[in-house]
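**Q** Sharing a structure with you now.
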Amino acid sequence: MRLHFLLICLILILSNVAYGGKQFRLGRSKGGNLGAPGGYSGEQLPPAQWFIQKLDHSSPSDLRTWKQRYFVNDSFYDFKNQGPVFLMIGGEGPADARWMVKGAWIDYAKKFNALCINLEHRYYGESHPTIDISVKNLQYLSSYQALADLANFINAMNNKYRLRNDVRWIAFGGSYPGSLAAWLRLKYPHLVYAAVSSSGPLLAKVNFMEYYEVVVDALREKTGGEDCVNELKMAHNQITDMMKTHPSVVEKEFRVCKSFNTASENDIKNFYNSIADDFADLVQYNEDNRISADTKYRNLTINTVCNMLTSPGSEPAYKKLAAFNSIVLDKSNQTCLDYSYDNMIKELRNMSWGSEGDFVAASADWTNSNYGALDISVSRVVFVHGSVDPWHALGITETQDKDAPAIYIKGTAHCANMYPPSENDSSNLIEARVEIEQYLSGWIGQP
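Under mature numbering (1 follows the signal peptide of the UniProt record, and there is no 0), residues -20 to -1, 1 to 427 are what the sequence shown spells out, in order.
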C-alpha cells in the first residue's frame, strides 16, 4: 500500500507540474525544485528558442518529433576563439530564463568566456512531447529519454554554432538535474567533458526514511542544541493526546478544512504528514538566495521558526506549532488545511498501474543498476552537497576518487552553491564556490 501511495504521489506531481498545473500542499513532493536565482533586477532576458527533438530515442524507426524549449546566452562567447560551452540541465519544472543572467554558473561563464545554454526537460514547462500525460504517453518521461535528449541536442548545437571538435561541454545541474549532469558524463563521455552535480541524489531509494532524519539533524545543527527538536516533539505529543480528547481544539488551531469526525485513517495520516512537511520545506530551502514571490516570508528560516517554538511564555508547544502552520497556509494562499486523502488522489481513481508497488521498486533497481548509484564510475565530475539538505543522504558527500571530488558544505541547504552570491553567505559556501571554480579551471585548461 505504501509503495502504491508513493507511485500515486509521483504521477500526481507530474500531472500538476509538467503542464504548469496548480501546486498543491497535501501530499506534495519532497522534490528539490530549483528556484529562480536571487539578485535579478530586470536585466534583458534571452528569448526562447525551439529544437526539434525525437520522441523515442530507443526506437530508430520511430520518427515522431516535438519541440523542446531552450535558452542561449552568448554575450561572453568569442566564436572566433571558441571556449567552453556551459549546459544547464532543466529539471522537474519550467526552465527559467533568469538563470541565463544570474547564478554561480553565469559568474563562472564570465571568467571562462563560456557559451551558456539551458535545455528544458521534456514534459515540463513549455516542452510537451505528447498531447497529454496519459499512462501510455508517460512511458516517454524517463531519465533515459532525458539524457538522450541532451546528447541529441549537444550534437545539434555543435553543428548550429559550428563549434570545433575540441570545444568542451560542461554540464551543470541541481537536484534531479544534478543527477542528470553526472549521468550525462557517465553515459556520453565523448560529448560532455566535465560536470558540476549539485545536490544530486544518485541512489534511488523507495522508502527514503533518512529524509526526516536529516531534517531533525538540521534543526540541531543550525540552532546548536536540542531545544527546538524537543519542543517539536512535545507539540506532536500534545496534538496526539488532544486528538483523542479535544479534537475540535486541534481543528481550530490548525485551521483544518473539515472536521476530524468524518476523517478516515488515511486522512489523519495526511494531517500529520502536512505538519511534518512544513518543516521539510523549511529545512530543504533554508537561507538560500533565490527569488521568492512571497518576499515578506524571506525571513522564514530554521532559526526564526525555532526561536518562535522555543520562546519563553505560557503558550503550549502545540499552539506555537499551529502558529507556524498558519504562516505556511498564508504563504501558500490557503484559507484552511486540506488534509483529505481522497482530494489528493481523486484524479487518479480510474487509473490502473498493473504491478503497483513492484513497479516502483523495479524502477529504483533499474536506476541504480544502470547508473551505478553511489558507486558511479566517472571522472571530471564534482559532487556538491549541503549538510542541511535532506537529499544529501542519497548523494556522494566524500571524495572516493580524486578525479571525481566531493564538496560537502556545512550549514547549507539544497543547491545553495548554484545561487548568486549574497551578503549573508557563510564562509563555507563562499569557499565551496571558489573550489568549484578551481576544478573548472583545471578541467577547462587541461591539454
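Quick reminder that beta carbons are idealized off the backbone N, C-alpha and C, glycines included.
For His37, does the three-state DSSP call read helix, strand or coil?
**A** Against the sequence shown, residue 37 aligns to sequence position 57. DSSP places His37 in coil when its eight states are reduced to three.
**Q** How long is the line joining the alpha carbons of Ala412 and Leu160, rounded to whole angstroms?
**A** Taking the sequence shown and counting its residues from 1, the one referred to as residue 412 is at position 432. Taking the sequence shown and counting its residues from 1, the one referred to as residue 160 is at position 180. Cα-Cα distance, rounded: 21 Å.
**Q** Can you grab the Cα-Cα spacing for the pair Phe59 / Gly425, in whole Å?
**A** For the purposes of this step, residue 59 is taken as residue 79 along the sequence shown, with counting starting at 1. For the purposes of this step, residue 425 is taken as residue 445 along the sequence shown, with counting starting at 1. Distance between the alpha carbons of Phe59 and Gly425: 18 Å.
**Q** Tell me the DSSP secondary structure of His365 in three-state form.
**A** Taking the first residue of the sequence shown as 1, we reach residue 365 at position 385. His365: strand per DSSP, three-state reduction.
**Q** Determine the contact status of Ala373 and Tyr104, defining contact as a CB-CB distance below 9 Å.
**A** The residue labelled residue 373 in the question sits at position 393 within the sequence shown. The residue labelled residue 104 in the question sits at position 124 within the sequence shown. No.
**Q** DSSP on Val81, reduced to helix/strand/coil?
**A** Here residue 81 corresponds to residue number 101 of the sequence shown, with the count starting at 1. It is coil, neither helix nor strand.
**Q** With a Cβ-Cβ cutoff of 9 Å, do Ser298 and Glu231 count as a contact?
**A** Numbered from its first residue, the sequence shown carries residue 298 at position 318. Numbered from its first residue, the sequence shown carries residue 231 at position 251. For the record, residue 298 in the displayed sequence is Tyr; it is not Ser. Taking 9 Å as the Cβ cut-off, Tyr298 and Glu231 do not qualify as a contacting pair.
**Q** Give me the residue from Lys311, Ile282, His170 with the minimum Cα distance to Gly391.
**A** As a working mapping, residue 391 is identified with position 411 in the sequence shown. Of the candidates Lys311, Ile282, His170, the one whose C-alpha sits nearest the C-alpha of Gly391 is Ile282.
**Q** Can you give the beta carbon distance from Asp268 to Tyr399, rounded, assuming they're within the 8 Å contact cut?
**A** Position 288 of the sequence shown holds residue 268. Position 419 of the sequence shown holds residue 399. Right, their Cβ atoms sit about 6 Å apart.
**Q** So, for Ala174: in the same chain, excluding its five sequence neighbours on each side, which residues have a beta-carbon less than 6 Å away from its beta-carbon?
**A** Here residue 174 refers to the residue found at position 194 of the sequence shown. Correct list, in chain order: Ile150, Arg360, Trp423.
**Q** Nearest by alpha-carbon distance to residue 433: which of Arg235, Glu245, Ser239 is it?
**A** Past the boundaries of the shown model lies residue 433; the chain is included only from -20 to 427, so the question cannot be answered.
**Q** Taking His108 and Ala126 to be in contact with their CB atoms under 8 Å, please state how far apart those CB atoms are, rounded to whole angstroms.
**A** Counted from its first residue, the sequence shown places residue 108 at position 128. Counted from its first residue, the sequence shown places residue 126 at position 146. So it is not a contact: roughly 14 Å between Cβ atoms.
**Q** Apart from the five residues just before and just after Gly153, which ones in its own chain have a Cβ nearer than 6 Å to its Cβ?
**A** Translated into positions along the sequence shown, residue 153 becomes position 173. Answer for Gly153: Ile69, Leu160, Ala161, listed in chain order.
**Q** With Ala28 and Phe56 assumed to form a contact (beta carbons below 8 Å), what rounded beta-carbon distance in angstroms separates them?
**A** Counting from 1 along the sequence shown, the entry for residue 28 is found at position 48. Counting from 1 along the sequence shown, the entry for residue 56 is found at position 76. With a Cβ gap of about 20 Å, Ala28 and Phe56 do not count as contacting.
**Q** Roughly how many angstroms lie between the CA atoms of Ser9 and Glu403, to the nearest whole one?
**A** Residue 9 sits at position 29 when you count from the first residue of the sequence shown. Residue 403 sits at position 423 when you count from the first residue of the sequence shown. Note that Ser9 has pLDDT 44, beneath the 50 cutoff, so the model's placement of it is unreliable and no number is given.
**Q** Between Thr225, His226, Asn253, which has its C-alpha nearest Tyr319's C-alpha?
**A** As a first step, residue 319 must be located in the sequence shown, where it is residue number 339. Measuring from the Cα of Tyr319, the nearest candidate turns out to be Asn253.
**Q** Is it right to say Gln264 is buried, meaning 16 or more other beta carbons lie within 10 angstroms of its own, or is it exposed?
**A** By 1-based counting over the sequence shown, the position of residue 264 is 284. Buried, since its Cβ has 16 or more Cβ neighbours within 10 Å.
**Q** By how many angstroms is the C-alpha of Leu354 removed from the C-alpha of His365?
**A** Start at 1 with the first residue of the sequence shown, and residue 365 comes out as number 385. Start at 1 with the first residue of the sequence shown, and residue 354 comes out as number 374. Near 14 Å, if we compare the C-alpha coordinates of Leu354 and His365.
**Q** Measuring alpha carbon to alpha carbon, tell me which of Cys286, Ser21, Thr377, Ile255 ends up nearest Gly204.
**A** As a working mapping, residue 204 is identified with position 224 in the sequence shown. Gly204 has its Cα closest to that of Cys286, out of Cys286, Ser21, Thr377, Ile255.
**Q** Just how far apart, CA to CA, sit Leu309 and Ala303?
**A** Here residue 309 corresponds to residue number 329 of the sequence shown, with the count starting at 1. Here residue 303 corresponds to residue number 323 of the sequence shown, with the count starting at 1. Straight-line Cα distance between these residues: approximately 10 Å.
**Q** Buried or exposed: where does Asn210 fall if 16 or more other Cβ atoms within 10 Å of its Cβ makes it buried?
**A** Looking up residue 210 in the sequence shown gives position 230. Burial call: exposed.
**Q** With DSSP collapsed to three states, give me the class of Cys208.
**A** Reading the sequence shown from its first residue, position 228 is the one you call residue 208. Helix.
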